[in-house]
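Taking the working numbering as reference, the numbering of the sequence shown is continuous, increasing by one, and the terminal residue is 788.
Notes follow the structure.
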Amino acid sequence: LDVADEPFLPLVAKTDLTFEVGPQAHGTLLAEVVRRQRRLVLDSLDFIDRLNRSKLSEEERSPKSVEVFVANETVSYPRRPDGELAAAIASRLQGSDFELLRPGDAVFEDVDTGDLIL
């Protein structure tokens, strides 16, 4: 892997810090998401600067908790006997990244019929 051509910071920096703000579909640019990303980066740089100058408040130095999502498994898209994709992500899930799925929730939608598939 030639990291010189890699656009992702964790692959080119000695240490990494990655922010994911969304959901945002690939190939789109949503103004609100851009504003949130910009604010997150600027606030983070401000925090790091104050940390380096020992200027953090007592509240900023206190322990915090954060909700963490962990991938439990990978589920393949349903396919037809010939190997062609038979379904897409269910429409109701679009824009709902990182929301809890419960047993029995339909995840896929048949591309021909629109039927929901578990």
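Idealized CB from N, CA, C, for every residue including glycine.
Do the CB positions of residue i and residue j come within less than 8 Å of each other?
i    : j    : result
P693 : G784 : no
Y758 : R749 : For clarity, residue 758 is Ala in the given sequence; the question names Tyr instead. No; because the gap between Cβ atoms is not below 8 Å, this pair is not in contact.
A760 : F739 : no
R720 : L712 : no
Where do the ends of the alpha helix (DSSP H) carrying residue i lie?
i    : result
A701 : 701 to 722
E728 : 728 to 731
Under a three-way DSSP split, which group does residue i fall into?
i    : result
R750 : coil
L788 : coil
L763 : helix
D780 : strand
A695 : coil
L755 : strand
Assuming residue i contacts residue j under a Cβ cut-off of 8 Å, what Cβ separation, rounded to an integer in Å, is found between them?
i    : j    : result
V691 : L715 : Their Cβ separation, rounded to whole angstroms, is 15 Å, which puts V691 and L715 out of contact at 8 Å.
L788 : G774 : 7 Å
Over what stretch of residues does the beta strand (DSSP E) that includes residue i continue unbroken?
i    : result
E743 : That residue, E743, is in no beta strand (DSSP E); it is neither H nor E in DSSP.
T775 : Residue identity check: residue 775 is Asp in the sequence provided, not Thr. Where D775 is concerned, there is no enclosing beta strand (DSSP E), given that its DSSP letter is neither H nor E.
Quick check: is any heavy atom of the ligand NAD less than 7 Å from the C-beta of residue i?
i    : result
E702 : Ligands are entirely absent from the displayed structure, and the ligand NAD is therefore not among its contents.
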